[in-house]
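Numbering (my numbering), first residue to last: 2 to 296. Reviewing the structure listed below.
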Amino acid sequence: MDLRQLEVFAAVVEARSFSRAAEALHLTQSTVSEHVRLLEEELGTRLFDRLGRQTLPTKAGELLCGYARRILQLTGEARQALGQFLGQLTGELAVGGSTIPGEYVLPALIGRFREKYPQISVSLVIQDTRGILDLLLVGRVELGVVGARLPHRSLEYTEFMPDELVVVVPAGHPWFGRKVVALQDLRKEPLLVREQGSGSRHALEGALREAGVELAALRLVGEMGSTQAIKQAVKAGMGLSIISKRAVEEECRHGLLWCVKIRDLKFTRHFYIVVHRERTRSPLCQAFLDFLRAT
Numbered sequence: 002m003d004l005r006q007l008e009v010f011a012a013v014v015e016a017r018s019f020s021r022a023a024e025a026l027h028l029t030q031s032t033v034s035e036h037v038r039l040l041e042e043e044l045g046t047r048l049f050d051r052l053g054r055q056t057l058p059t060k061a062g063e064l065l066c067g068y069a070r071r072i073l074q075l076t077g078e079a080r081q082a083l084g085q086f087l088g089q090l091t092g093e094l095a096v097g098g099s100t101i102p103g104e105y106v107l108p109a110l111i112g113r114f115r116e117k118y119p120q121i122s123v124s125l126v127i128q129d130t131r132g133i134l135d136l137l138l139v140g141r142v143e144l145g146v147v148g149a150r151l152p153h154r155s156l157e158y159t160e161f162m163p164d165e166l167v168v169v170v171p172a173g174h175p176w177f178g179r180k181v182v183a184l185q186d187l188r189k190e191p192l193l194v195r196e197q198g199s200g201s202r203h204a205l206e207g208a209l210r211e212a213g214v215e216l217a218a219l220r221l222v223g224e225m226g227s228t229q230a231i232k233q234a235v236k237a238g239m240g241l242s243i244i245s246k247r248a249v250e251e252e253c254r255h256g257l258l259w260c261v262k263i264r265d266l267k268f269t270r271h272f273y274i275v276v277h278r279e280r281t282r283s284p285l286c287q288a289f290l291d292f293l294r295a296t
């Protein structure tokens, strides 16, 4: 029994799926299955039952899970304690960011944090909001910054900073140079949106709903899995989009894209810092959390 096997085992318990655990741990499903098989072989008992689409721990698995979590937590605490004993904040911190905060906010903040603690290492994982929350739930990241608050009993959210969504049009579009258009005008335009699970998509649907409009009522022509893909598609003339203003500031400065506001429609949201409510945070995670809250 080794730490990696216990980490994989705990991830499968949390995700209730071999495939989702593999994705969260950046392993192949066959590798995850092999770790679990070796653990079951060593312990001489079955640890999981596969019930339809769910994978649930057996009674033996439930018993082991409590010990596995404690062992993994103590291992992390031991590493941090030794660093503190030596008078340093040391170690590695895994942070998750949904697309906009992950690409346009967190890199600079992580850089400033490392100026204070140059001996640490920070890894930044970027996925959509739902993906980051899944990683947080299985323990792959300790802290996330996301673009939407998706309720879960094990997650604790703190409002972080505001973000404005804007309509983005390409050079040569009739709206290029305009500051405001009516919502009725937007209904006629081809619209590109982010995928389900994206914080930007969640915020867009909420803002439209407040105005009495469902996203499905607009002229949707495409759904894309990243903000970068959306920007390239808009530049190519596929349609308009509604994305974070932070994501297009450089393109707007160079005249490649243009930001337009919708009259009487509030496209403002907040980013959220999110942590696992039931897990003990490492000293490094707590220090970064305090740093973000003071920003």
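Note that CB positions come from ideal geometry on N, CA and C, so glycine has one too.
Worksheet entry | Distance CB(S124)-CB(H277) smaller than 8 Å | no
Worksheet item: So the beta strand (DSSP E) A288 belongs to, where does it begin and stop?
Response: Here A288 belongs to no beta strand (DSSP E); instead the alpha helix (DSSP H) covers 284-295.
Discussion item. Using CA atoms only, rank isn't needed, just tell me which of E104, K180, R195 is closest to A248.
Written reply: E104
Worksheet item: What first and last residue would you give for the beta strand (DSSP E) that runs through P108?
Response: No beta strand (DSSP E) holds P108; the alpha helix (DSSP H) holding it covers 107-117.
Worksheet item: Cα separation between H203 and A217?
Response: 13 Å
Worksheet item: Nearest to L166 by alpha carbon, out of F272, L257, M239, E8?
Response: F272
Worksheet item: Is the beta carbon of L90 less than 8 Å from the beta carbon of Y118?
Response: yes
Worksheet item: Is the number of C-beta pairs between the region 95-112 and the region 174-193 that are closer than 8 Å three or more?
Response: no
Discussion item. Suppose contacts are defined by Cβ-Cβ distances below 8 Å. Is L137 in contact with L285 by that definition?
Written reply: no
Worksheet entry | Between the CA atoms of R131 and Q197 - distance to the nearest angstrom | 9 Å
Worksheet item: With 16 as the cutoff for other CB atoms within 10 Å, does Q55 come out buried or exposed?
Response: exposed
Worksheet item: Residue range of the beta strand (DSSP E) that K262 falls in?
Response: 258-263
Worksheet item: With C-beta atoms as the reference, is K180 less than 8 Å away from K262?
Response: yes
Discussion item. Could you tell me the alpha carbon to alpha carbon distance between Q128 and V169, rounded to whole angstroms?
Written reply: 22 Å
Discussion item. My output table needs one value for T32: the three-state DSSP class, helix, strand or coil.
Written reply: helix
Item to complete: Label T100 either buried or exposed according to how many other C-beta atoms from any shown protein chain fall within 10 Å of its C-beta, with 16 as the threshold for buried.
Response: buried
Fill in: C-alpha gap between G200 and V33, whole angstroms
29 Å
Practice prompt. Could you tell me whether the region 248-257 touches the region 56-65, where touching means 3 or more Cβ pairs closer than 8 Å?
Written response: no
Worksheet item: Under a Cβ-count criterion, where at least 16 other Cβ atoms within 10 Å of its own Cβ denotes burial, should S31 be classed as buried or exposed?
Response: exposed
Worksheet item: Tell me which same chain residues have a C-beta within less than 8 Å of the C-beta of L234, skipping the five on either side of it?
Response: It should be noted that the sequence gives Ala, not Leu, for residue 234. These residues qualify, in order along the chain: L193, G223, M225, G240, S242.
Practice prompt. Using a threshold of 8 Å, state whether the C-beta atoms of G97 and V126 are closer than that.
Written response: yes
Practice prompt. Report yes if the C-beta distance between P163 and T269 is below 8 Å; otherwise report no.
Written response: yes
Discussion item. List, from N- to C-terminal side, the alpha helix (DSSP H) runs of 4 residues or more that fit wholly inside the region 198-222.
Written reply: 200-211
Fill in: Close-in-space but distant-in-sequence residues of the same chain around D315 (CB under 6 Å, 5 per side omitted)
Summary: the structure shown does not reach residue 315, with the chain confined to residues 2 through 296, and so no result is reported for it.
Item to complete: Using the Cα positions of A25 and G178, report the straight-line distance between them to the nearest angstrom.
Response: 43 Å
Discussion item. Between the alpha carbons of G62 and L83, how many angstroms are there, rounded?
Written reply: 31 Å
Item to complete: Assign G97 to one of three DSSP states: helix, strand, or coil.
Response: strand
Discussion item. Looking at the secondary structure, which residues open and close the beta strand (DSSP E) in which Q55 lies?
Written reply: 55-58
Worksheet item: Nearest-angstrom Cα distance between A230 and A149?
Response: 20 Å
Worksheet item: Cα separation between E41 and L48?
Response: 6 Å
Discussion item. Could you check whether H153 and L184 sit closer than 8 Å to each other, using their CB atoms as the reference points?
Written reply: no
Fill in: Distance, E8 Cα to R188 Cα
49 Å
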